[in-house]
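Novice: Quick one: structure below, then a few questions.
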Amino acid sequence: MLKPNEPMIESRSSTQNILRLSASSIIDFALPPACAFCTRDLQNDFEATVDGISLCGRCRKQFTSDERSPCFRCGMPVGPHVDTQDGCSECRHRDYRFSQVIRLGVYDDSLRTACIRGKSRGAEALAGAMAALLCQKLQQELAEFAPDIIVPVPQYWLHWFTRPHHQALTIAEVFGEQLKCLCDERLVRKTRRTIDQSSLPRAKRLTNLKQAYAVQTKHKLKGQRVLIVDDILTTGTTSNELAKVLRKAGASDVAVAVIAVVP
Ligand SMILES: [Zn+2]
Ligand SMILES: [Zn+2]
8 MLKPNEPMIE SRSSTQNILR LSASSIIDFA LPPACAFCTR DLQNDFEATV
58 DGISLCGRCR KQFTSDERSP CFRCGMPVGP HVDTQDGCSE CRHRDYRFSQ
108 VIRLGVYDDS LRTACIRGKS RGAEALAGAM AALLCQKLQQ ELAEFAPDII
158 VPVPQYWLHW FTRPHHQALT IAEVFGEQLK CLCDERLVRK TRRTIDQSSL
208 PRAKRLTNLK QAYAVQTKHK LKGQRVLIVD DILTTGTTSN ELAKVLRKAG
258 ASDVAVAVIA VVP
């Protein structure tokens, strides 16, 4: 029977190192020649020249075009002047173990395309640029939450060989750099294979993920504020399962940051 033995862990580790290098070099090479999304030349792009994020002004505008306010608790768009500190009409009754969702926008049009493309092989530059844009636009929200540890949503070890790019990890690595905060991709492990959540109705998503995550080093979490990072958030079930185990292991508060929410 197959076991998640040493060679697998070694392979996973080397993959993570490659990804870490890719993510960390995204910001270092401050002005790449082309937009990571539309490939437009960035030499004369004012915004990219100023902040070094490899996205052109037009793409940035498209990614942040949804002007509806987000619900503080679930990140979904709500009407104007709605107080969502305790949630909106959609999430108020849900037993979320995370306290807030910080997101760049709504999963639609070009943001949807960027999230899908970000899962492809070689999409580290795009995922990293999206993460940097999120950190810039949501600077205040991230500073107010003030995480101690960033945790990417983990994938099952077998997926390191079958999925071309672990987008959540690349995003989390960039968050770590931008927020000067520890990004610990080994803190939580996915213990078993599960069915793809997007193929399941809300009711079945919870049972699909039951006891699928385990904290590896519980002593690290006591009193810590943890930011879970993923590419998208749909029903919040995955983040909530993670938040449950993080809280149980002593985390004092848990928030979620994603590129896009799916209403
Ligand atoms: Zn562009
Ligand atoms: Zn809500």
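Those letters in the sequence shown? Residues 8 to 270, per my numbering, in order.
Quick reminder that beta carbons are idealized off the backbone N, C-alpha and C, glycines included.
Closest to Ser246 by CA distance: which of Cys42, Val261, Cys78 is it?
Specialist: Here residue 246 refers to the residue found at position 239 of the sequence shown. Minimum Cα-Cα distance from Ser246 among the listed residues Cys42, Val261, Cys78 corresponds to Val261.
Novice: Among residues of its own chain, excluding the 5 on either side of Gln92, which ones have a beta-carbon nearer than 7 Å to its beta-carbon?
Specialist: Position 85 of the sequence shown, counted from the start, is the residue given in the question as residue 92. A distance below 7 Å between beta-carbons, with the five flanking residues on each side excluded, links Gln92 to the following residues of its chain, in chain order: Phe79.
Novice: Verify the contact flag: Arg291, CB atom, against every heavy atom of ligand 2, threshold strictly below 7 Å.
Specialist: For the chain, the structure presents residues 8 to 270; residue 291 sits outside this window and is missing.
Novice: Taking 8 Å as the cut-off, does the region 202-213 touch the region 163-175 (at least 3 CB pairs, one atom from each stretch)?
Specialist: Taking 8 Å as the limit for Cβ pairs, the verdict is that the region 202-213 does not touch the region 163-175.
Novice: May I have a chain-ordered list of the beta strand (DSSP E) segments no shorter than 3 residues that lie completely inside the region 78-143?
Specialist: Listed in chain order, the complete beta strand (DSSP E) runs (minimum 3 residues) inside the region 78-143 are 107-113.
Novice: Take the Cβ of Phe168 as the centre, count every other Cβ of all protein chains shown within 10 Å, and call the residue buried at 16 or more, exposed below.
Specialist: Position 161 of the sequence shown holds residue 168. Around the beta carbon of Phe168, a 10 Å sphere encloses fewer than 16 other beta carbons of the protein chains shown; the residue is thus reported as exposed.
Novice: Let me check you understand the geometry: is the CB of Phe44 closer than 7 Å to at least one non-hydrogen atom of ligand 1?
Specialist: Within the sequence shown, residue 44 is the residue found at index 37, counting from 1. It does: the Cβ of Phe44 is within 7 Å (strictly closer) of some heavy atom of ligand 1.
Novice: How about Cys63: is its Cβ closer than 7 Å to a heavy atom in ligand 1?
Specialist: Along the sequence shown, one-based indexing puts residue 63 at 56. Checking the Cβ of Cys63 against ligand 1 gives yes.
Novice: I believe Arg128 touches Ala267 by the beta-carbon criterion, under 8 Å. Please report the beta-carbon distance rounded to the nearest angstrom.
Specialist: Numbered from its first residue, the sequence shown carries residue 128 at position 121. Numbered from its first residue, the sequence shown carries residue 267 at position 260. Not a contact, Cβ separation roughly 21 Å.
Novice: Report the rounded CA-to-CA distance for Arg254 versus Gly64, giving the unit in angstroms.
Specialist: Numbered from 1 along the sequence shown, position 247 holds the residue referred to as residue 254. Numbered from 1 along the sequence shown, position 57 holds the residue referred to as residue 64. Each residue's alpha carbon lies about 39 Å from the other.
Novice: DSSP beta-bridge partners for Ile178?
Specialist: For the purposes of this step, residue 178 is taken as the residue at position 171 of the sequence shown. Paired residue(s): none; Ile178 is not in a bridge.
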